[in-house]
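Notes to accompany the following structure.
Numbering (this note's numbering), first residue to last: 2 to 143.
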C-alpha cells in the first residue's frame with residue numbers, strides 16, 4: 002500500500018500569478034496540491050485530507066475569511082523549511098496564515114483554522130507592540 006504523500010491545501014489564492022508560482026514550488030517538491038473552493042471552507046481539514054469522514058458540518062458565516070491560507074499535511078519540519086525557502090525563491094511573497102495539520106485542528110473547518118491563526122497573529126502583534134512600548138519607555142527614563 003502506498004503511503005499518503007504530503008498535501009498542501011490552498012485557501013483564497015485568487016491572484017493567478019501567485020497561485021502559479023506557489024503551485025510550481027510545490028510541484029518541484031512533488032507535493033500534492035489541493036485548491037480549496039469556497040464551498041469547501043466549511044469542511045473539516047481532516048475530511049479534505051481523507052482522514053475523517055463526517056456526514057454533517059454545521060454551516061457558519063465565512064464572509065470574513067478572505068485572506069490566503071496555506072495548510073500543510075504530512076510535512077516534516079525539514080520539508081516545511083524547504084518549502085518556505087522555495088516559496089521565497091519563487092517570488093510568491095508573504096503568506097501570513099500557514100499551519101500544519103495536527104490532532105487538534107483535524108476536525109476544524111478551514112474557517113475555524115483561519116480564525117484561530119488570525120487570533121494568534123493579533124496576539125503576537127499586540128505583544129510586540131507592548132514590548133516595543135515598554136522598551137521605548139525604559140530608554141526614555143534612562
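Backbone N, C-alpha and C define an ideal beta-carbon position, used for all residues, glycine too. This one's a predicted model, so the numbers in the text were calculated from it and none came from an experiment.
Rounded separation between residue 3 and residue 81 - CA only: Because residue 3 carries a pLDDT of 44, less than 50, the predicted location of this residue cannot be relied on, and no value is offered for it.
Residues that residue 8 bridges to, as DSSP identifies them: Answer by DSSP bridge pairing, in chain order: 33 and 74.
As assigned by DSSP and simplified to three states, the class of residue 25: In this structure, residue 25 counts as helix in the three-state DSSP scheme.
C-alpha distance - residue 48 paired with residue 67, whole-angstrom precision: Rounded to whole angstroms, the gap between the alpha carbons of residue 48 and residue 67 is 21 Å.
Coil, strand or helix - residue 146 by DSSP: With the chain covering 2 to 143 only, the question about residue 146 has no answer from this structure.
Given residue 75 as reference, the closest of 107, 61, 60 and 96 once Cα atoms are compared: Cα-wise, what sits closest to residue 75 is 107.
Residues near residue 14 by beta carbon distance below 6 Å, same chain, minus five either side: Scanning its chain for C-beta atoms nearer than 6 Å, with the 5 sequence neighbours on each side dropped, one finds around residue 14 the residues 20 and 69, in chain order.
Same chain, Cβ closer than 6 Å to residue 12, neighbours up to 5 away in sequence not counted: The answer, listed in chain order, is 37, 70 and 111.
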